[in-house]
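Notes to accompany the following structure.
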Amino acid sequence: GENVEQHPSTLSVQEGDSAVIKCTYSDSASNYFPWYKQELGKGPQLIIDIRSNVGEKKDQRIAVTLNKTAKHFSLHITETQPEDSAVYFCAASKGTGFQKLVFGTGTRLLVSP
Amino acid sequence: DAGITQSPRHKVTETGTPVTLRCHQTENHRYMYWYRQDPGHGLRLIHYSYGVKDTDKGEVSDGYSVSRSKTEDFLLTLESATSSQTSVYFCAISVNSAPNTGELFFGEGSRLTVL
Chain A
2 GENVEQHPST LSVQEGDSAV IKCTYSDSAS NYFPWYKQEL GKGPQLIIDI
52 RSNVGEKKDQ RIAVTLNKTA KHFSLHITET QPEDSAVYFC AASKGTGFQK
102 LVFGTGTRLL VSP
Chain B
79 DAGITQSPRH KVTETGTPVT LRCHQTENHR YMYWYRQDPG HGLRLIHYSY
129 GVKDTDKGEV SDGYSVSRSK TEDFLLTLES ATSSQTSVYF CAISVNSAPN
179 TGELFFGEGS RLTVL
C-alpha cells in the first residue's frame, strides 16, 4: 500500500521567513495530494491540495509543488506569521470515489515573532 | 465544521473494558471515517463507512469495530481496551456535494486514555 514520508518533523523559523515541508510517496498510482493544518486541540483542516495533472498550485502565501517523476511534493509558506504555527500533515490517495487518505507523520512549525 | 460532533471528548478507562466513541453529523453526508492520531505516526485510518450498514477496514482496524445504523451516526467500539489504544481519535466526513474533491472535514477529536 501507499507510504508517505514527511520531513522535517519540527521546523522553527523567524516571522517573515519562508518555510518548506517535504513529502515523498511510494505508490505511483496516487493522484491526489492534500495538506492539512492542525492547531492545538483541534482537528486537521485542509489548507491546499494538488492533483497529479498539475505541477504547482498557489493560494496567497501558501503553495504546493508536485514532482510525479520523483514522487515527492512540498508545501511552501512565504512571509510566515505567528498564526502559521501549527502541525502540518501531507497526505496522498488514489482519489477514487471516497478518500482513503494516507497521511505523513506531521511537521510541527513554530514561527517566532 | 460540517456539523460533526464527537463524544465523549475525553475518556479515561481501564484495560479490558469496552469503550464506544460516537461521531454524529447533521448534514446527511454519505462518507464517514475514523482515524487515530499518535506521535510519530500521524493519522491512520481505522475504519470507514460509505453508507448505512456499509463499512470497511482501514490500515489499523485490529481491536476495533464500527457500526452505522443511521446516516448521522458512526460508532467506533473497542471491545476490550488495551493501553496501545491510548490515542486521540478523529472522526471525519467527506461532503456529498464533492465526493471526489478529497476534502475531509474532521471533528474536534476524542482523547482516550487506557490505564
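Line order of the protein sequences matches chains A and B. Just so we're aligned: the first sequence equals residues 2 to 114 in the working numbering. Just so we're aligned: the second sequence equals residues 79 to 193 in the working numbering. Backbone N, C-alpha and C fix where the C-beta goes; we use that ideal spot for every residue, glycine too.
For residue 121 of chain B, the closest Cβ of chain A is nearer than 7 Å. Bridge partners of residue 13 of chain A according to DSSP: A:111. A residue is called buried once 16 or more other Cβ atoms fall within 10 Å of its Cβ, and residue 61 of chain A, having fewer, is exposed.
Contact of residue 44 of chain A with chain B by beta-carbon distance below 7 Å involves 168, 184, 185, 186 and 187. Under the 7 Å criterion on CB atoms, residue 106 of chain A is classed as interfacial with respect to chain B. Annotated as distal: residue 112 of chain A and residue 75 of chain A, with beta-carbon spacing of 7 Å or more.
Here the C-alpha atom of residue 169 of chain B lies approximately 16 Å from the C-alpha atom of residue 147 of chain B. Under the three-state reduction of DSSP, residue 60 of chain A is assigned to strand. Within the stretch 66 to 82 of chain A, contact with chain B at the beta-carbon level (separation under 8 Å) is assigned to no residue.
The Cβ of residue 111 of chain A sits no closer than 7 Å to any Cβ of chain B. As the crow flies, the alpha-carbon of residue 102 of chain A is around 26 Å from that of residue 79 of chain A. Scanning chain A for C-beta atoms nearer than 9 Å to the C-beta of residue 181 of chain B yields 35, 47, 50 and 100, reported in chain order.
Using a CB distance cut-off of 7 Å, residue 141 of chain B does not count as an interface residue toward chain A. Going by beta carbons, residue 191 of chain B and residue 97 of chain B fall outside the 7 Å limit. Residues of chain A whose Cβ lies closer than 9 Å to the Cβ of residue 118 of chain B are, in chain order, 10, 106 and 107. Here residue 145 of chain B is not near residue 125 of chain B, since their CB atoms are 7 Å or more apart. Taking C-beta atoms as the reference points, residue 153 of chain B and residue 87 of chain B fail to come closer than 7 Å.
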